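These notes are about the structure you will find just below.
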Amino acid sequence: MPTSSPFSRLPPRTPPRGRDRNWQQSLALPDRIDLYLHGLLERNIASYGFWIWDLADNRLLAERRGIAARGGSSHRFIAEFRAAAHAMTWLLREKMVGRPLALHTDSPTVYHCLARPQHLPSELPTALADQLRAIVPSLSHMQVKLVPEAANARAVQLAAEAYVRCQESRRTALAERVLYELQPIGHGRFRVGSRYDVDLVTGTCTCPDFRSLLSGRFPVRCKHLLAAAHLFGGQG
């Protein structure tokens, strides 16, 4: 069974007549590659996500997520430009630079700067700025489009997943230390010593770390939740 179609909808079942004879041309998808990217800054962690779609073949080419920077000097646009550099490098490596490319971003900074890469933000790491200045001229068929964040949902989700993974990776390393303290008190519920209550059904914990994470927009689990998930179902 084919996984993609070169047409915008199914071809006609019966032989077309009249002006419908050119159905292949009228239903053909544009020969274009769409790139969507997003950068996120949360708790001094700059994460990014991007995905690349081949419109002509109607299929996903690549999607990535990652961490661009950490610490007080992190900026959201560092993540955004890191996503752009990684995605463009992928296109160069796959020899797709000759095809029309539409880069979609919800960042006005990226939108304005990629048209003039010589005016990149001074806060960008030198190596990243040099990489972008070298790559952008190679993509002569690139068009940069500014879109609302709501129209960039998949890239936003990938950046959020990268942030959550980063936060949970440190807590996962600490989760093993509290395994011996977990006491089952009901289906999916545990007590940590005599201090905290963990509920896997609601995904909550009464510890200070979880309460501080709860103020954010992302479902980061504390070490107690991660330990309980591992103990209860081999997850985490």
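So in this note's numbering the end of the sequence shown lands on 645, straight run, no missing numbers. We put the CB at the ideal spot given by N, CA and C, even for glycine. Keep in mind it's a predicted model, so treat the numbers as computed, not measured.
Straight through space, the alpha carbons of VAL587 and ALA538 are spaced by roughly 44 Å. Residue ranges of uninterrupted beta strand (DSSP E) with 3 or more members, entirely inside the stretch 593 to 638 and ordered along the chain, are 598 to 601 and 605 to 608. In this structure, ALA637 is the residue among ALA496, GLU590, ASP466 and ALA637 with its C-alpha nearest to the C-alpha of HIS596.
Residues LEU500, SER547 and LEU548 of the same chain have their beta carbon placed closer than 7 Å to that of VAL506, with the five preceding and five following residues left out of the count.
Taking a cut-off of 8 Å for Cβ pairs, the stretch 472 to 484 and the stretch 542 to 562 do not touch, as fewer than three such pairs fall below it.
Between ASP618 and CYS631, the alpha-carbon positions lie close to 6 Å from each other. In the DSSP assignment, ARG441 falls outside any alpha helix (DSSP H) and carries neither an H nor an E. The DSSP-derived three-state label of ASP466 is coil. Membership of GLN540 in the alpha helix (DSSP H) is indicated by the continuous run 535 to 544. Its Cα nearest to that of SER456, the residue SER483 stands out among ASP443, SER483 and LEU583. The C-alpha of LYS504 is placed about 35 Å away from the C-alpha of ASN453. The three-state secondary structure of ARG491, taken from DSSP, is helix.
DSSP, reduced to helix, strand and coil, places HIS521 within a helical segment of the structure shown. In this structure, HIS447 is the residue among ALA582, HIS447 and THR615 with its C-alpha nearest to the C-alpha of THR514.
A direct Cα-Cα distance of roughly 46 Å separates TRP460 from SER603. LEU623 sits exposed, since fewer than 16 C-beta atoms from the chains shown fall within 10 Å of its C-beta.
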